[in-house]
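Presented below is the structure to which this report refers.
Residue numbers (the numbering used here), protein chains in the order written: chain C, 25 to 538; chain Y, 1217 to 1401.
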């Protein structure tokens, strides 16, 4: 990274690096659990149905919370100080938000180990109808632990937004930005200045786009978290005050109003980073700042508005909400297209530097497009009839989240490690093996999922292939292939761990960091 | 034989095969443009100026927006909540879902005559998925507790159809399978 006018303090760099490492450890644990599910579905039956559904729950929570949040926090605690050239609003609160979120996450894992297996999205009233698989105590622990983790989200949002908007932090730059009224600071922080006349835009001090991406992510988080806390409190209420009941349709809306927007949390931060990383790799500036800012207001609105596509096949859901959800699914595809267009124009005929970081980033953009188009089809209600709850859905989000977001996250990690750690990860060869195994495995597995979905295979089945239903035999080959590619992703993380170990082992870690 | 009303996208050829083709074309184009942009870096341009095609972005934006609007309007009639209303069902099947079974009050349906499935659940949310004899998913909908979830469809091909639960409903979920027969009318 180029030398900024302001250097990020070493305690923040350490916190940022530590959180990213925790996130990848959680990623490998949650991915390891998924390997058991893959072997089950490939007919090897390593676990029983009950354990399979505990794994399903732990895998989802492990990725959405255990991987995503520490990574996003880690990047934010470095990106905001670096690009705003000012210290973090409160180091203690940053630490507290991380600790609270991780505590909530590990308590959720504990509740799953105790038997809870209603899925990470625990559709009401399933948590209370376990058919004997788990008790009410593990349900209560899961819901309470989730509320704890979400309290951490809100503390994080507070720290981040104070960091961006407060004029009281003594820093080194962006004086013109901070001398404006807060309304103008807000307008710039969400990219709305792209829609203003040139004369107005020229007067503004440009806010770095990674900051805009982080603000977008935090706003989506802040908007969506209260609804899930309400849903969880309703659930806890129904446990401790039995006559009290939860309407399943309301609860499903409340959950997905959080559950879908939240998948954009790390992703928006990463999209913000694309606008910094791609010009850096391409050794040139963005072709247009205005076009780079224009997608952000659309991403923020549609990021929340798309949630209803999880209820497209609920005939009881008001139609207008679903039509809004479909429109928003199109809008987010449109805004993503604008972003990719700018990125491609930046790459076009540039002096592009290839390294492990840029390879991960480019592969993630390809995955974003493939997964995005599959998502657009599911975002069309008339088409969703053939895809809802089939393997096309995991295909969509494994392209987007695994081959897209996680791969981009690895790219960012390889890119910032020299700055955070003071040295590179030692082996380029290990980095390349990590890239190729992860990329081929992630794309291959997601493609196998897509084939399964097209054949009509339902997701979330312990037994996908049924002896009693002859046409399900056609699923078997693709489940075997998915296992092979999943193993490839899993084995591909070993060189990463080895590289990380070699970078961190005491013999090569002198005390210069302190 | 009377004209069979069109109900869902698959009835006008916009089912899974069309969706696969669409994704292959669109994703293929996207990855092709990315690969092309990378290919051009073999002959880097000295000046730090955007490619000429970048100036045409407003035109592309309008074209893509038009495609989205067209898709929105074109697929509207095939949204289940809208298309189900076009049919007047002459057969009714009461379906009760529970962990982990389907209970149907009739397991025979006549082809080419609209049938309404009135699906309720005794416990949690289930997913009512109907596969035709070849294994093609022809109809599905969520079964929300506390509501009668009504799905209307006209089967055209006689044979043995499979109902499979599409929504995770507990550890016995994979066993929640049933069948019914469509006979020619």
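C-beta atoms are modelled at their ideal positions from N, C-alpha and C, and glycine is treated no differently. Given the structure is predicted, the values throughout are model-derived calculations rather than measurements.
Check                                                                                                                                   : Outcome
Rounded distance between the beta-carbons of residue 79 (chain C) and residue 198 (chain C), thought under 8 angstroms                  : No, residue 198 (chain C) and residue 79 (chain C) are not in contact; Cβ-Cβ is about 47 angstroms, not under 8 angstroms.
Neighbour list for residue 1247 (chain Y) in chain C, Cβ cutoff strictly below 9 angstroms                                              : 390, 393, 394
Chain C within 7 angstroms of residue 1384 (chain Y), Cβ atoms only                                                                     : yes
Residue 274 (chain C) versus residue 148 (chain C): straight-line alpha-carbon distance, rounded                                        : 9 angstroms
Outcome for residue 27 (chain C) when other beta-carbon atoms lying within 10 angstroms are tallied against a minimum of 16             : For residue 27 (chain C), the predicted model reports a pLDDT of 44, less than 50, meaning its position is unreliable and no value from the coordinates is stated.
Pair within 7 angstroms by beta-carbon distance, residue 162 (chain C) and residue 102 (chain C)                                        : no
Residue 1230 (chain Y) versus residue 407 (chain C): straight-line alpha-carbon distance, rounded                                       : 8 angstroms
DSSP-derived helix/strand/coil call for residue 1353 (chain Y)                                                                          : strand
Interface residues of the segment 1294-1321 of chain Y facing chain C [CB-CB below 7 angstroms]                                         : 1294, 1295, 1296, 1297, 1315
Stretch pair the segment 125-135 of chain C + the segment 185-195 of chain C: three plus CB contacts closer than 8 angstroms            : no
Under the three-state DSSP convention, the category residue 1387 (chain Y) falls into                                                   : coil
Any chain Y beta carbon closer than 7 angstroms to residue 143 (chain C)                                                                : yes
Beta-ladder partner(s) of residue 119 (chain C), from DSSP                                                                              : Answer is none; residue 119 (chain C) lacks a bridge partner.
First and last residue of the uninterrupted beta strand (DSSP E) at residue 1311 (chain Y)                                              : 1307-1314
Residue-chain proximity (residue 375 (chain C), chain Y), Cβ-Cβ < 7 angstroms                                                           : yes
Residues from the segment 1367-1394 of chain Y in contact with chain C, defined by Cβ distance under 9 angstroms                        : 1367, 1378, 1380, 1381, 1382, 1383, 1384, 1385, 1386, 1387, 1388, 1389, 1390, 1391, 1393
Contact set between the segment 1269-1284 of chain Y and chain C, restricted to residues whose Cβ is under 8 angstroms from the partner : 1269, 1270, 1273, 1276, 1277, 1280, 1281, 1284
Nearest candidate by alpha-carbon position, reference residue 1335 (chain Y), set Y:1296, Y:1318, Y:1385                                : Y:1318
Any non-hydrogen atom of the ligand ZN closer than 6 angstroms to residue 67 (chain C) Cβ                                               : Judged by which ligands are present, the structure shown has none, so any question about the ligand ZN falls away.
7 angstroms Cβ cut-off: residues of chain Y touching residue 343 (chain C)                                                              : 1297
Cβ-based neighbour list, residue 409 (chain C), same chain, cut-off 8 angstroms, excluding 5 preceding and 5 following                  : 337
Within 7 angstroms, strictly: CB atoms of residue 458 (chain C) and residue 519 (chain C)                                               : yes
C-beta contact flag for residue 413 (chain C) and residue 1392 (chain Y) at 7 angstroms                                                 : no
Contact check, residue 323 (chain C) vs residue 240 (chain C), beta carbons under 7 angstroms                                           : yes
Contact with chain C by residue 1224 (chain Y), beta-carbon distance below 7 angstroms                                                  : yes
Simplified DSSP state of residue 376 (chain C), which is helix, strand or coil                                                          : coil
Whether residue 215 (chain C) touches residue 235 (chain C) by CB criterion (7 angstroms)                                               : no
Contacting residues, own chain, Cβ-Cβ under 6 angstroms from residue 1257 (chain Y) (five flanking each side not counted)               : none
Close beta carbons around residue 326 (chain C), own chain, < 6 angstroms, minus the five adjacent residues each side                   : 352, 355, 356
Buried or exposed by the 16-neighbour rule on C-beta atoms within 10 Å, applied to residue 1217 (chain Y)                               : At residue 1217 (chain Y), the pLDDT of 45 sits below 50, so the modelled position is not reliable and the matter cannot be decided from this model.
Where the alpha helix (DSSP H) containing residue 406 (chain C) begins and where it ends                                                : 405-408
Residue range of the unbroken alpha helix (DSSP H) whose run includes residue 1366 (chain Y)                                            : Not the alpha helix (DSSP H): residue 1366 (chain Y) falls in the beta strand (DSSP E), residues 1365-1369.
Where residue 1260 (chain Y) meets chain C, residues with beta-carbon distance less than 7 angstroms                                    : 373, 374, 375
Sequence-distant residues of the same chain with beta carbon closer than 6 angstroms to residue 138 (chain C), five excluded per side   : 162
Span of the beta strand (DSSP E), counted from its first residue to its last, around residue 1337 (chain Y)                             : 1331-1337
Validate contact between the segment 380-396 of chain C and the segment 297-309 of chain C using beta carbons, cut 8 angstroms, 3 pairs : yes
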